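What follows is one structure encoded as structure tokens, with my remarks underneath.
In this note's numbering, the protein residues as written are 10 to 167.
This is the structure we're talking about:
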């Protein structure tokens, strides 16, 4: 919703596996008077995105679960208290969702379309390799306010 508020001529599609998350997002869109520009669709990373979502996009934003199973026990309680494990756990190495997300991103983006994908602080190289295998070129790794790698910007230019 923040991005749509900054881009008044844009339209957006939000995708999540959680019906509850979609309900919250839909309510937020309505309260912010953006429900005419925002749609929401239930899906997961493994779904055939072509069957669920029609059209190609200029921009895709993804915040997949990226916490490795081995790191879960060390998370701060304020993280695990408010987020379901499904929204946080990225599997054994934290990269599971990127493996299934990348092929769909490639198909959903228009030529020269951009994807911004949130990553864990140590995952930039691994996620860049996954994206490259699916013909998405990393053009920038953006840092968070702590100076840690946090978002990969990728381009569909192959």
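Don't be surprised by glycine CBs; every beta carbon is placed ideally from N, CA and C. What you are looking at is a predicted structure, and each value in this text was computed from that prediction instead of being measured.
**Report entry** Buried or exposed (CB count within 10 angstroms, at least 16 for buried), residue 106
**Finding:** Taking the chain shown and counting its residues from 1, the one referred to as residue 106 is at position 97. When all chains shown are included, residue 106 counts as buried.
Query raised in the report: Going by C-alpha distance, which of 38, 98, 141 is nearest residue 74?
Result: Counting from one through the chain shown, the residue named residue 74 turns up at place 65. Of the candidates 38, 98, 141, the one whose C-alpha sits nearest the C-alpha of residue 74 is 98.
Query raised in the report: Mapping DSSP to helix, strand and coil, what is residue 109?
Result: Looking up residue 109 in the chain shown gives position 100. It is helical.
Query raised in the report: Among all the DSSP beta bridges, which residues are the ones paired with residue 150?
Result: Here the question's residue 150 lines up with position 141 in the chain shown. Answer by DSSP bridge pairing, in chain order: 161.
Requested in this report: Find the nearest neighbour of residue 92 within the set 27, 79, 164, judged by alpha-carbon distance.
Outcome: Indexing the chain shown from 1 puts residue 92 at position 83. The shortest C-alpha separation from residue 92 is found at 27.
Query raised in the report: Taking the continuous alpha helix (DSSP H) assigned at residue 32, which residues delimit it?
Result: For the purposes of this step, residue 32 is taken as the residue at position 23 of the chain shown. Per DSSP, residue 32 belongs to the alpha helix (DSSP H) from 28–40.
Query raised in the report: residue 13 by DSSP, collapsed to three states: which one?
Result: Start at 1 with the first residue of the chain shown, and residue 13 comes out as number 4. In the structure shown, residue 13 sits in a helix (DSSP, three-state: H, G or I).
Report task. Could you have a look at residue 120 and say whether DSSP puts it in helix, strand or coil? Result -> Position 111 of the chain shown, counted from the first residue, corresponds to residue 120. DSSP places residue 120 in strand when its eight states are reduced to three.
Query raised in the report: Run through DSSP, which three-state label would residue 76 get?
Result: Here residue 76 corresponds to residue number 67 of the chain shown, with the count starting at 1. If DSSP states are grouped into helix, strand and coil, residue 76 belongs with the strands.
Query raised in the report: With 16 as the cutoff for other CB atoms within 10 Å, does residue 132 come out buried or exposed?
Result: Reading the chain shown from its first residue, position 123 is the one you call residue 132. Looking at its Cβ environment, which holds 16 or more other Cβ atoms inside 10 Å, residue 132 is buried.
Query - Spatial neighbours of residue 121 in its chain, beta-carbon cut-off 8 Å, leaving aside the 5 residues before and after - result: Counting from 1 along the chain shown, the entry for residue 121 is found at position 112. Here the set comprises 164, 165, 166.
Requested in this report: Using a threshold of 8 Å, state whether the C-beta atoms of residue 84 and residue 135 are closer than that.
Outcome: Numbered from 1 along the chain shown, position 75 holds the residue referred to as residue 84. Numbered from 1 along the chain shown, position 126 holds the residue referred to as residue 135. Taking 8 Å as the Cβ cut-off, residue 84 and residue 135 do not qualify as a contacting pair.
Query raised in the report: Excluding five sequence neighbours on each side, which residues of the same chain lie with their C-beta closer than 8 Å to the C-beta of residue 142?
Result: As a working mapping, residue 142 is identified with position 133 in the chain shown. Counting only Cβ-Cβ distances below 8 Å, and skipping sequence neighbours, we find 111.
Query - Beta-ladder partner(s) of residue 98, from DSSP - result: Position 89 of the chain shown holds residue 98. According to DSSP, residue 98 bridges with 76.
**Report entry** Straight-line Cα distance separating residue 161 from residue 149
**Finding:** Residue mapping note: residue 149 aligns to position 140 of the chain shown, counting from 1. Residue mapping note: residue 161 aligns to position 152 of the chain shown, counting from 1. Using only the alpha carbons, I get a separation of about 6 Å.
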